[in-house]
Amino acid sequence: MSSNSQLLLPRSSEAIVIRDEDSSNNVAIEFQNVTKSYKLFKNDRARFMATFSKKVPYKDVCANNDLSFTIRRGEAVAFLGTNGAGKSTALKIITGVAHPTSGKVVVHGRVSALLELSAGFDGQLSGRENIAFRGQLWGLSAEEIAELEPRIIDFAELGDYIDQPMRTYSSGMKSRLGFAFASSIKPDILVVDEALSVGDRRFARKCLDRVHEIMSDSHVTVLFVTHSSTSAKEFCKRGIVLEKGHNIFDADIKDAIAFYEGKM
Ligand SMILES: Nc1ncnc2c1ncn2[C@@H]1O[C@H](COP(=O)(O)OP(=O)(O)OP(=O)(O)O)[C@@H](O)[C@H]1O
Ligand SMILES: [Mg+2]
């Protein structure tokens, strides 16, 4: 573990998550027997009651189940699988939005995520202020933010709205700014979850071109979730097929697609 690595203390007794910005490490991401389970209560009331009592019944749903894989730096990997297979959950664990229940997760490098693009903005702040705020959260200096800002604003094409509070934005406008931000910073690891349909058709094409541009940098590691085999082939060399939270096939993208389509 490098000196600046961060061991996130597990919320459960078993899960271990290690993150650092060591982009020289050959391995970008490693999942070792990762399980993420959610407690499914009968309704919101039962969920609330469960904070006071252990007796409230619930069902365990394993979104990721004993999931293991290793992704080397510079690889472009597609996650394939039917609805509910656990693809987004794996991405959320990688980005830190979700915490595993058990197992070990190692992430070397800065992650930028093209998922839930409109989430996390402050509606009271303008688009421009949100860029600065998000930049600070990313640990960027004021100079770095000042340098990136025009590029982000130019890409998002929000016109005068960039200085209006974000509560006045349409959902497409929020996603545009989310995409513009996430794709303008230089990540070591780029995570894309079906986010390429941002905005209208012209804007979606522009986003696709931007993703291509990022991916043409062979140092960037890419994880891509899609239901489209054409996009998977276009972007990735390797495919991992998930089913019920398990890794059931991991190979060259053509073989992975053939396997996945054969199962449907
Ligand atoms: N917050 C949550 N609470 C309860 N169950 C959840 C939660 N998030 C995901 N799940 C469940 O975990 C399983 C995996 O979900 P996930 O979103 O990872 O699937 P996915 O492969 O991304 O599916 P899709 O192709 O539909 O996007 C599903 O059964 C889902 O219902
Ligand atoms: Mg999903």
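Count along the sequence shown from 1, then add 174; that gives the number in this note's numbering.
C-beta atoms are modelled at their ideal positions from N, C-alpha and C, and glycine is treated no differently.
Item: Who are residue 400's beta bridge partners in DSSP?; Value: DSSP lists no partner for residue 400.
Item: Is residue 235 a contact residue of ligand 2, with contact defined as CB to any heavy atom under 8 Å?; Value: no
Item: Buried or exposed: which applies to residue 225, given that a residue is buried once 16 or more other Cβ atoms fall within 10 Å of its Cβ?; Value: exposed
Item: Going by the beta-carbon positions, is the gap between residue 351 and residue 304 smaller than 9 Å?; Value: yes
Item: When you compare each of 287, 260 and 208 to residue 388 by their alpha carbons, which one comes out closest?; Value: 287
Item: From residue 292 to residue 361, what does the alpha carbon distance come to, in whole angstroms?; Value: 19 Å
Item: Where does residue 282 fall in DSSP's three states?; Value: strand
Item: Any heavy atom of ligand 1 closer than 8 Å to the CB of residue 257?; Value: yes
Item: Between the Cα of residue 208 and the Cα atoms of 271, 258 and 421, which residue gives the shortest distance?; Value: 421
Item: Counting C-beta neighbours from all protein chains within 10 Å, is the total for residue 430 16 or more, i.e. buried, or is it exposed?; Value: buried
Item: When you compare only the Cα positions, how much space is there between residue 413 and residue 267?; Value: 18 Å
Item: In the DSSP assignment, find the unbroken beta strand (DSSP E) run with residue 236 in it and report its ends.; Value: 233-246
Item: Could you tell me the boundaries of the alpha helix (DSSP H) in which residue 307 lies?; Value: 301-311
Item: Using three-state DSSP, classify residue 201 as helix, strand or coil.; Value: strand
Item: Return yes when the C-beta of residue 288 is under 8 Å from any heavy atom of ligand 1, and no when it is not.; Value: no
Item: Are there any heavy atoms of ligand 2 lying less than 8 Å away from the beta-carbon of residue 367, as far as the coordinates show?; Value: yes
Item: With distance defined between alpha-carbon atoms, name the residue in 322, 321, 317 and 348 nearest to residue 332.; Value: 348
Item: Whole angstroms are fine: how far does the CA of residue 419 sit from the CA of residue 402?; Value: 20 Å
Item: Is the stretch 248-256 touching the stretch 326-342, taking contact as three or more C-beta pairs under 8 Å?; Value: no
Item: Near residue 274, which residues of its chain fall below 6 Å by C-beta distance, leaving aside the five closest residues on each side in sequence?; Value: 189, 208, 210 and 267
Item: Buried or exposed: where does residue 343 fall if 16 or more other Cβ atoms within 10 Å of its Cβ makes it buried?; Value: buried
Item: Here's the rule: buried if 16 or more other CB atoms are within 10 angstroms of the residue's CB, otherwise exposed. What is residue 222?; Value: exposed
Item: If we cut at 9 Å on Cβ distances, does residue 204 have a partner in chain C?; Value: Looking for chain C here will not work: only one protein chain is present.
Item: Rounded to the nearest angstrom, what separates residue 177 and residue 197 at their Cα positions?; Value: The predicted position of residue 177 is uncertain, since its pLDDT is 46 and thus under 50; a value taken from the coordinates is nonetheless stated next. Each residue's alpha carbon lies about 13 Å from the other.
Item: Can you give me the Cβ contacts of residue 411 inside the same chain, cut-off strictly under 6 Å, excluding the 5 residues immediately before and after it?; Value: 250 and 427
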